[in-house]
Amino acid sequence: GENVEQHPSTLSVQEGDSAVIKCTYSDSASNYFPWYKQELGKRPQLIIDIRSNVGEKKDQRIAVTLNKTAKHFSLHITETQPEDSAVYFCAASKSGTASKLTFGTGTRLQVTL
Amino acid sequence: KAGVTQTPRYLIKTRGQQVTLSCSPISGHRSVSWYQQTPGQGLQFLFEYFSETQRNKGNFPGRFSGRQFSNSRSEMNVSTLELGDSALYLCASSTGAYTEAFFGQGTRLTVV
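Chains as they are written, first to last, in our numbering: chain R, 1 to 113; chain U, 1001 to 1112.
Have a look at this one:
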């Protein structure tokens, strides 16, 4: 089955710096790649997603890039703020929908003042 | 628009018992997926129901089962509980087409 690896497991950056989280997937048939943010004690929330027919997508300070050949995708957060501190999960799906997601192991991002 | 609602929020059960968790999706969403979240294994897919039919299934034992009703509400049942079943159980709803999934707050199950 699909396997998603995520790195790093923890990331500490200073406020205003950029943060990058990387994921690789094993199944070349995967075609939908969402990123979720989960704050302590709260539900995962979608922050951005990308489909396999797109190489890059941006939403204000957040961007995601996808390299289908290498089977990896990355989350980029610029101008980090303390409220960006959370656990971030990448995920992949073969169905093109969000119905059956394989998640990475998560990255704990800490933004320090 | 109301979000995804899961009940109960917390449960404590004894080994060997069974438990039923409930998930009410966003109105109009026909797909409900269930995930188990643990510190060691992360988020793992259990199964997905779409229009009352199980459409996808993860790699969990048969003790884990679910169903979906005609109003799209879904229940998940775990029989013969084991200590290792202690986890946060999350459900997520979507239209089932090319749209995002919205998660509920989860049910934290503790097996003692």
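Ideal placement from N, C-alpha and C gives every residue a C-beta, glycine not left out.
Minimum Cβ-Cβ distance from residue i to chain R less than 8 Å
| i | result |
| --- | --- |
| Ser-1031 (chain U) | yes |
| Arg-1073 (chain U) | no |
| Asn-1077 (chain U) | no |
| Leu-1090 (chain U) | yes |
| Gly-1028 (chain U) | no |
| Leu-1043 (chain U) | yes |
| Glu-1048 (chain U) | yes |
Any chain U beta carbon closer than 8 Å to residue i
| i | result |
| --- | --- |
| Ser-30 (chain R) | no |
| Thr-105 (chain R) | yes |
| Thr-24 (chain R) | no |
| Lys-46 (chain R) | Residue identity differs from the one stated: residue 46 (chain R) is Leu in this sequence, not Lys. Yes, Leu-46 (chain R) lies at the interface with chain U (some Cβ there is under 8 Å from its Cβ). |
| Thr-102 (chain R) | yes |
Contacts of residue i in chain R (Cβ-Cβ under 9 Å)
| i | result |
| --- | --- |
| Ser-1094 (chain U) | Thr-97, Ala-98 and Ser-99 |
Chain-ordered neighbours of residue i on chain R, where CB pairs are closer than 8 Å
| i | result |
| --- | --- |
| Gln-1105 (chain U) | Lys-42 and Arg-43 |
| Leu-1021 (chain U) | Within chain R, no residue comes near Leu-1021 (chain U); the closest Cβ sits about 15 Å away, beyond 8 Å. |
| Phe-1064 (chain U) | Here the premise fails: no neighbours, minimum Cβ distance about 15 Å. |
| Glu-1082 (chain U) | Within 8 Å Cβ-Cβ: nothing; Glu-1082 (chain U) doesn't reach chain R, min ~22 Å. |
CA-to-CA distance, residue j to residue i, given in whole angstroms
| i | j | result |
| --- | --- | --- |
| Tyr-88 (chain R) | Ile-1026 (chain U) | 23 Å |
| Pro-1008 (chain U) | Ser-1022 (chain U) | 7 Å |
| Thr-65 (chain R) | Thr-102 (chain R) | 18 Å |
| Ser-1079 (chain U) | Gly-1062 (chain U) | 9 Å |
| Arg-51 (chain R) | Gly-1104 (chain U) | 24 Å |
| Ser-1024 (chain U) | Leu-1083 (chain U) | 27 Å |
| Ser-1072 (chain U) | Gly-1003 (chain U) | 14 Å |
| Arg-108 (chain R) | Ala-63 (chain R) | 18 Å |
| Gly-1096 (chain U) | Lys-100 (chain R) | 10 Å |
| Pro-97 (chain R) | Tyr-32 (chain R) | Reading off the sequence, residue 97 (chain R) comes out as Thr, not Pro. Their Cα atoms are separated by approximately 7 Å. |
| Glu-56 (chain R) | Gly-104 (chain R) | 20 Å |
| Gln-1018 (chain U) | Thr-1107 (chain U) | 15 Å |
| Ala-1092 (chain U) | Lys-22 (chain R) | 24 Å |
| Phe-1050 (chain U) | Tyr-1035 (chain U) | 15 Å |
Partners in chain U for residue i, counting only beta-carbon separations shorter than 9 Å
| i | result |
| --- | --- |
| Leu-11 (chain R) | The contacting residues do not exist; Leu-11 (chain R) stays about 17 Å from chain U at best. |
| Pro-34 (chain R) | Glu-1100 and Ala-1101 |
When the options are compared against residue i, the one with the closest alpha-carbon
| i | options | result |
| --- | --- | --- |
| Lys-37 (chain R) | U:Ala-1101, U:Val-1111 and U:Leu-1109 | U:Ala-1101 |
| Ser-30 (chain R) | R:Asp-59, R:Lys-71 and R:Gln-110 | R:Lys-71 |
| Asn-1077 (chain U) | U:Leu-1043, U:His-1029 and U:Phe-1060 | U:Phe-1060 |
| Val-20 (chain R) | R:Pro-8, R:Gln-14 and R:Asp-27 | R:Pro-8 |
| Gly-1042 (chain U) | R:Leu-113, R:Asn-3, R:Ser-95 and R:Glu-83 | R:Asn-3 |
| Gln-45 (chain R) | U:Thr-1053, U:Thr-1014 and U:Leu-1090 | U:Leu-1090 |
| Glu-79 (chain R) | R:Asn-67, R:Lys-68, R:Cys-90 and R:Thr-112 | R:Thr-112 |
| Lys-42 (chain R) | R:Ala-91, R:Ser-18 and R:Ala-86 | R:Ala-86 |
| Thr-1005 (chain U) | U:Gly-1058, U:Glu-1075, U:Glu-1052 and U:Lys-1013 | U:Glu-1075 |
| Thr-1020 (chain U) | U:Ser-1070, U:Phe-1064 and U:Tyr-1098 | U:Phe-1064 |
Partner residues on chain U for residue i, Cβ-Cβ distance less than 7 Å
| i | result |
| --- | --- |
| Thr-112 (chain R) | The contacting residues do not exist; Thr-112 (chain R) stays about 23 Å from chain U at best. |
Can you give me, in chain order, the residues of the segment 48-72 of chain R that have a beta carbon less than 9 Å from any beta carbon in chain U?
Asp-49 and Arg-51
Which of the residues in the segment 1003-1018 of chain U, read from start to end, lie with their CB under 7 Å from any CB of chain R?
none
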